Structure formats: C-alpha cells, structure tokens
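Have a look at the structure below, then the notes.
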Amino acid sequence: MPPGPRPLPLIGNVHQIPKEYPWRGFAELFKKHGPLVTMQFGLQKVIMIGSLEAARDLLDKRNAIYSSRPRAPMIQECISKNFRILFLPYGDRWRAYHKLHASVLNVRVSDAYRPLHDLESRQLLLELLEPDAGERFSQYFFRYSASLVYSLAYGIRLARGDEPELKVADQVMHELNQVFLRTWLVDIIPWINFLPKALAPWKRRADRMHDFESAFLTGLVKSAEKKPGWNWSKNMLAMKESKNMSRTELGYILGVLYEAGSDTTAIALSVFVMAMVLYPQVARKAQDEIDRVVGPERMPAFDDLKNMPYIDAMVKEVLRWRPVIPGGIPHAVTLDDEYGGYRIPKGTVIIPNLWAMAMDSQWFEHPQEFIPERWIEKPDLPLFPFGFGRRVCPGQHVGKNSLLINTARMLWAYNFEHAYELKYGVKVKCPVDPMAFTNTFNSQPLPFKVSIVPRRENVRHVMQRDWASEEKDHLIHLVHLETKMENVAKRDAEDN
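Each number in this note's numbering corresponds to the 1-based position in the sequence shown with 2 added.
Structural data, given as structure tokens:
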C-alpha cells in the first residue's frame, strides 16, 4: 500500500488527526509521502488522495469499483437508519435514489427552474440594500438558497428567512455538524454498534435525532403532496422507483437535496464576497464585462450569461479557491486494485482531499491567489469540487445556475469593499481573513463585515421597478413549471 505515517497498535493514526482544519493538516502529508498516503483509523485502512491526476485515474476512470461508501455507523446507520444517499453504499438502492434525484436535477430540467431563480435573486438584490447587509449578507444568501430548494422540493417559499420550516432545518443541520465534528468510537470500532442501547449511549442520542429529523422530513413530503403545481416531492412520488418507499424514506431522499443545496450555494456566495473584497481588480474586470453586455438600465438575465465568459471563470475560481467540502467525501473500493505500483485492497476507504488538489501548483499556478483568468487561458482545467465519478453531485447544474446569475447581478449592482469601524476614535479597517473558516464538514467563512455600495444612483430604481413587475407567487411559477415538465418528458421520450 502507499506510504504514510506509522500507526500505533489498535488506534492506528487516530491520534494524528488534526483537531482543526484536518484537510490542511493532511495536505502536508502529501508533501512528505507523495500523492497517495495510507493511514489507519482504528481497524480501517484509509488512502488519502492529494493529487487531481490520481483522483481522476481512480475515482473517475475506475468508477465501477470506486463508487461505494465506507460504513458510517453513527451518521448513516444510527441517525439516518441507512436512508441518507450521501453515505449509501453503491448498489440497487443507491441507483434507485440516484434516479429519483436525476429526474429533477439533470441539465435539461434544471434550466426550467430559471423563473424561480429569478424571483429569489431579485429579492436577494433588494435585501443587499438593507443598512445591515454588510454584516448579514450570508443570512440573505442562505434565505435565497433555502427558499429556492424549498419551493422546488415542497412548494413552500421562504420569503422572510425566519419561517418555522427554516428554523427546524437549521437545527437539524446544526446537530448533524456537531456529529461530524466529533470522532465517534463506533466509527472507529464498528462492531460495537451491535451493543444494546443500555451500553451504547451514542444510540440514544442518534435515536432522538432520527425521530426529530424523520418527523420533520416526512411532514414536508405530506405537505408537498397537497400543494398546487409541480414539485420534486410529487414528481418522485409518481415514479416507479418510489412505489414501495415509505414517506420517511422519500423524506430523506428529498431532505439531502436541501442539506446539500442550501448550504453549498450560500457558502460559495459568501466566498465570492470575500474574494471581491480582497481582489477588487477582479471585481472591476467582471463589472466591465457586465456593463458591456447589459448596460446600466437592466439587471443581467440568464440569456446574457453566455456572453460573460469572465463571470463563468470567476464562479469556477470561487469553487476552486475555497472548496465548500475541503476534506472531501470518502469513497470505498469494492475490489482489490493496484495503482502506481501500490496495492489497494478491497474495502479500503479512499478520501480525496479537495483542499490539497485546489492548492496544487502543478495544476493551478499561484494556487492561494484568486485568479479567474486561469480558467480562460486553460479551459480544460478540471472542476473537481462537485466530486468524482458516479458520486458527482447531482445538483451541480442548479447550483451553478444560482452562482452565475447572482454573482453577475450582484456585481452589476454593487461594489464590495472593506468596511471600517471606529476604535478609540480611530477609523480601522475591518479584517477579512481568507483563511478564517469554520472547522466543519461544510466549511464556511467565519463572520466578516464588508461595505456593500450601489454602483450607480439608478440601481435602487431599476431593482425596485423589476421587483414591482415580478410575479411573486411561487405557486404560479410551479403551475407553469408543471407544463414545462410535461414537455420535457415528451422530448425525453422522443429522444429515447
């Protein structure tokens, strides 16, 4: 197997897991041992991948045997009762879940959601006019992404950002993040999961979390069935793959789309703001492109994006510069394999370290710098933050549409600048630290302040004019979407 640090008896390398930003600490191992590093967590052998070339060779080109997941006793078996597709082993159940996801997230279908993107985006642009937007922008981004997913999944719009559904979902996500942050003995020694609850305190906590989460997710699906128009819940319920599924199982299949879609989009938009403050020359270049394409009298529309290659490059750089899941998501190999002269036994956990790949100077010159031009000069650079092989994120098209339209519109309307505050009577620049992120599975910027300044006097007028003419009833959009989906289904049937 590939080289790595020497393990101790029984615990392996558990004592060497960095307590903070483990993806950064593990990235240092690649400098010493090479692109593949073997570690042992308890009884489990793990190979970490630190190079894009190796990740593509194994996870993309050999995806037939690298698409499964390792056991995740705490999060998957105890809390999720094996319903969470993110941790589901590759097999018939995963394929059924994936087909349900693909039915609402493929490229053709994703473009039909543009009216809902447009509605939420226009509200977001107005929210950024609020006096406290320089401190609360991340909350507005979260409202945007959560409302988009809730509208599509359940027919529920989150116009205020403090709705009960959002608060409960936030509580669920917070508790899951707390689970991710801890190293659970049952994950290191999985066989102890067979112990009775009286001897397994983690099971009691997991059961409480599952009961709360499953009741919430099941209730959302049942509510969605009664909503007018089209939504993801209705679409999946009508498919043969869900025929024998309970509402709880379907609730988890839909819930993971919210977990993945709302957080990742909101985090990426916050990273975008950070980059615009730290790299004002990039913002100006993007604004020049936007101004040439659309001018000052209207906001960018989806049809304009094809004429904005720099905006596209900038979004790709946001995703590379600070990957939302920098530590990567574990894969598991299902057959014995060999790579680069190294043996990779069946059952080995494979973890692609996205942070190490993003900072690889062999692929990305000056990797710590935010340079969108690299994607224009080398259009074949791999965009890896959405994952690899058969486990690539199915929501990438919806997510990228959100990032493209919102970054273009925000730069059309605003300059993002350093904020200042008075300390002891002295004007002091508020810090924006490009390395200050949360130590969580989905790693987001720690709170920072910025100044959001309208670029022109007419910005407010144009946005308010467009908002006044916008159809704000999301259910009307979903009724129209029902017709679009019927047409998409007909075209798909004709193509097949």
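All C-beta atoms, glycine included, are put in the ideal place defined by N, C-alpha and C.
Being a predicted model, the structure only gives us computed values, none of them experimental.
Per DSSP, the bridge partner or partners of residue i
i	result
Y416	P456
V490	In DSSP, V490 forms no bridge with anything.
G14	L10, F43
P447	F439
Y426	Answer is none; Y426 lacks a bridge partner.
I81	Paired residue(s): none; I81 is not in a bridge.
I49	T40, I352
K431	Y422
Where residue i falls: helix, strand or coil (DSSP)
i	result
E440	Before going further, note that residue 440 is Thr rather than Glu in the sequence given. Coil at T440, not helix or strand.
S70	strand
P230	coil
P192	helix
V295	helix
G253	helix
N246	coil
G263	helix
H479	helix
E215	helix
M301	coil
E30	helix
F366	coil
E22	coil
V470	One detail in the question is off: residue 470 reads as Ala in this sequence, not Val. DSSP places A470 in helix when its eight states are reduced to three.
R64	coil
D55	Before going further, note that residue 55 is Glu rather than Asp in the sequence given. Helix.
G401	helix
G389	coil
P203	helix
R324	coil
L197	coil
Y312	helix
K224	helix
M3	coil
V394	coil
H240	The residue asked about is misnamed: residue 240 is Ala in this sequence, not His. Three-state DSSP puts A240 in coil, outside helix and strand.
Same chain, Cβ closer than 6 angstroms to residue i, neighbours up to 5 away in sequence not counted
i	result
N309	V295
F182	F443
R322	A360
A226	Y156, G157, N233, S235
L2	The shown model of the chain, from 3 to 498, leaves out residue 2, and the question about it has no answer.
K229	G157
L222	Y156
R116	F304
P5	H35
P37	G52, S53, A56
Beta-carbon contacts of residue i that lie in its chain and below 7 angstroms, excluding the five residues immediately before and after
i	result
Q141	G163
K205	C80, K199
R145	L160, G163
V109	H399
T440	Q446, L448
Y254	S82, F85, R86, L219
I327	L356, F443, N444
M241	L102, S105
S216	T250, G253
Contacts around residue i, its chain only, beta-carbon distance under 8 angstroms, and the 5 residues preceding and following it disregarded
i	result
P91	S70, R71, A334
W469	R124, Q125, L128
D338	R345, I346, P347, K348
Legend entry - Sequence ranges, beta strand (DSSP E) only - wholly within the region 326–357, length at least 3: 339–341, 344–346, 351–354
Inset, instruction - Please specify which runs of the alpha helix (DSSP H), each continuous and at least 4 residues long, are wholly inside the region 119–187, giving them in chain order. - result: 135–156, 166–183
Inset, instruction - Scan the region 87–123 and note each continuous alpha helix (DSSP H) run of 4 residues or more that stays entirely inside, going in chain order. - result: 94–107, 109–113
Inset, instruction - Determine contact between the region 303–323 and the region 42–56, defined as no fewer than three beta-carbon pairs at a distance below 8 angstroms. - result: Counting Cβ pairs under 8 angstroms, fewer than three are found: no touch.
Inset, instruction - Mind the definition here: the region 339–346 touches the region 58–70 only if three or more C-beta pairs lie below 8 angstroms; say whether that holds. - result: yes
Legend entry - contact_flag[the region 438–448, the region 482–493] where n(CB pairs < 8 angstroms) is 3 or more: Judged by Cβ distances under 8 angstroms, the region 438–448 makes no contact with the region 482–493, as fewer than three pairs qualify.
Inset, instruction - Inspect the CB distances between the region 347–356 and the region 285–305 and report whether three or more fall short of 8 angstroms. - result: No: the two stretches stay apart, fewer than three of their Cβ pairs being nearer than 8 angstroms.
Inset, instruction - Could you tell me whether the region 178–195 touches the region 30–46, using the rule of 3 or more Cβ pairs below 8 angstroms? - result: yes
Legend entry - Sufficient close CB pairs (3 or more, under 8 angstroms) joining the region 423–440 to the region 396–405: Contact check between the region 423–440 and the region 396–405: fewer than three CB pairs, one atom from each, fall below 8 angstroms, which does not count as touching.
Inset, instruction - Report yes or no: do three or more beta-carbon pairs, one from the region 453–472 and one from the region 293–307, lie closer than 8 angstroms? - result: yes
Legend entry - Segment contact flag, the region 406–420 with the region 85–100, C-beta cutoff 8 angstroms, min 3 pairs: no
Inset, instruction - Mind the definition here: the region 362–369 touches the region 258–273 only if three or more C-beta pairs lie below 8 angstroms; say whether that holds. - result: no
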